[in-house]
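For the sequence shown, the UniProt record's numbering gives the first residue as 1, with consecutive numbering after it.
Cβ coordinates follow ideal geometry from the N, Cα and C atoms, glycine included.
Bear in mind that the values here come from a model prediction, so they are computed numbers and not experimental data.
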Amino acid sequence: MSKPLQSEEDTNSTLFYARNEYYIGNFMGSINFVLPEQGTATTDLLSYMYLSYLAIDSGRLIASDIKENNSTALLALRYVNEAFEQPAKIESLLEKLTDKVASEEDETNIWHIATAIVYCYDGQFENALKILHGSTNLESMALSVQCLLRLNRIDLAKQLVAKMQEISDDATLTQLAQAWVALSLGTEQMQDAFHIFQEFCEKHNPTPLLLNGQAVVHLGLERYEEAEAVLRDALTKKHNDYDTLINMMVLAHLTGKSHEAIARYWEQLKQFHPKSEFVADLEKKSTEFDKLCLQYSLTADEAVQA
Numbered sequence: 001m002s003k004p005l006q007s008e009e010d011t012n013s014t015l016f017y018a019r020n021e022y023y024i025g026n027f028m029g030s031i032n033f034v035l036p037e038q039g040t041a042t043t044d045l046l047s048y049m050y051l052s053y054l055a056i057d058s059g060r061l062i063a064s065d066i067k068e069n070n071s072t073a074l075l076a077l078r079y080v081n082e083a084f085e086q087p088a089k090i091e092s093l094l095e096k097l098t099d100k101v102a103s104e105e106d107e108t109n110i111w112h113i114a115t116a117i118v119y120c121y122d123g124q125f126e127n128a129l130k131i132l133h134g135s136t137n138l139e140s141m142a143l144s145v146q147c148l149l150r151l152n153r154i155d156l157a158k159q160l161v162a163k164m165q166e167i168s169d170d171a172t173l174t175q176l177a178q179a180w181v182a183l184s185l186g187t188e189q190m191q192d193a194f195h196i197f198q199e200f201c202e203k204h205n206p207t208p209l210l211l212n213g214q215a216v217v218h219l220g221l222e223r224y225e226e227a228e229a230v231l232r233d234a235l236t237k238k239h240n241d242y243d244t245l246i247n248m249m250v251l252a253h254l255t256g257k258s259h260e261a262i263a264r265y266w267e268q269l270k271q272f273h274p275k276s277e278f279v280a281d282l283e284k285k286s287t288e289f290d291k292l293c294l295q296y297s298l299t300a301d302e303a304v305q306a
């Protein structure tokens, strides 16, 4: 596969800053690093601008800039955007992506990451892991950690983080991966995750991603006032942030807020993220619950008539 992303030689380069801003969730910051150099930028640098566009739901810019006949690895990000916009095409898009991964030397790692992203979007975490397996690229390893956590394989995620630490213990992705694993391990390790998110907030501008990391720690340790404070801070930075709205719903449940308060966040989620996994899953469960209620209601009516 490709070379590791993190290297000492580019710590003062535009690529380093654009990449780092993307990792901590400052997507506009990443875009603003790339835009002045867009005309002469490398494929690697441009990829973080387009990944950031995906993160802020501006995929139309990708469709406009990256045509089907694009000869660079950026074509992979066009396919990612198409997968997000047209889920019915995911199978055919994955065929194109996996063919590229198998047939070409992926020096930038973009094809591998894009393919894994689409597999993850489709819930195929095992296949994503197969694409990323064996890589010493920190970006691939971090994405593998996320897949393993989704599969509840915390043991393997811990092992992979240890390998990331051997490559570059201070790298942003290594630190974030440590925090993800710490959150998954529960209350005894959560404070370690909090310190990582706090350090990044102090070193950089706080982002919804970092603030939600802190909020999850507060929720896990039942520090509800602190959780509400950082979540409200996150909402001021992005009023329709997906993770923030979900965590506000969780907080409202845990603190006994009114049904109306919870419903308000739910309506916002359905409005701004109608195709999201959380919304689809909750609506499916709601439909199943209604069917069960109807079934038991009919059974009760039959018993009364008898």
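- With the rule of 3 Cβ pairs closer than 8 Å, the stretch 66–74 counts as touching the stretch 43–53.
- Taken in chain order, the unbroken stretches of alpha helix (DSSP H) that lie wholly in the stretch 229–267 and span 4 residues or more are 242–254.
- DSSP places K67 in the coil class of the three-state scheme, outside both helix and strand.
- With contacts defined as CB atoms closer than 9 Å, S52 and Y79 fail to qualify as a contacting pair.
- With contacts defined as CB atoms closer than 9 Å, A177 and V217 fail to qualify as a contacting pair.
- Between the stretch 49–68 and the stretch 123–139, the count of C-beta pairs closer than 8 Å stays below three; the two stretches do not touch.
- In the DSSP assignment, P208 falls within the unbroken alpha helix (DSSP H) covering P208 to G220.
- Counting only the Cα atoms, E85 lies some 35 Å from M190.
- Close CB contacts of V101 within its chain, under the 8 Å cut and outside five residues either way in sequence, are with W111, H112, T115 and I131 (chain order).
- Counting only residues of its own chain and dropping the five nearest sequence neighbours on each side, F125 has a CB closer than 6 Å to the CB of C147, R150 and L151.
- In this model, P274 and L282 are separated by some 11 Å (Cα to Cα).
- Taking 9 Å as the cut-off, the beta carbon of L173 is found closer than this to the beta carbon of E139.
- L185: member of the alpha helix (DSSP H) spanning T172 to L185, first to last residue.
- CA-to-CA, the gap between S47 and Q38 works out to about 11 Å.
- By the 16-neighbour rule on beta-carbons within 10 angstroms, P36 is exposed.
- Under the 10 Å beta carbon count, A234 is surrounded by 16 or more other beta carbons and is classified as buried.
- Excluding residues up to 5 positions away in sequence, V181 lie with their Cβ nearer than 7 Å to the Cβ of K158 in the same chain.
- Across the set T207, L292 and T255, the C-alpha of T207 shows the shortest separation from the C-alpha of K238.
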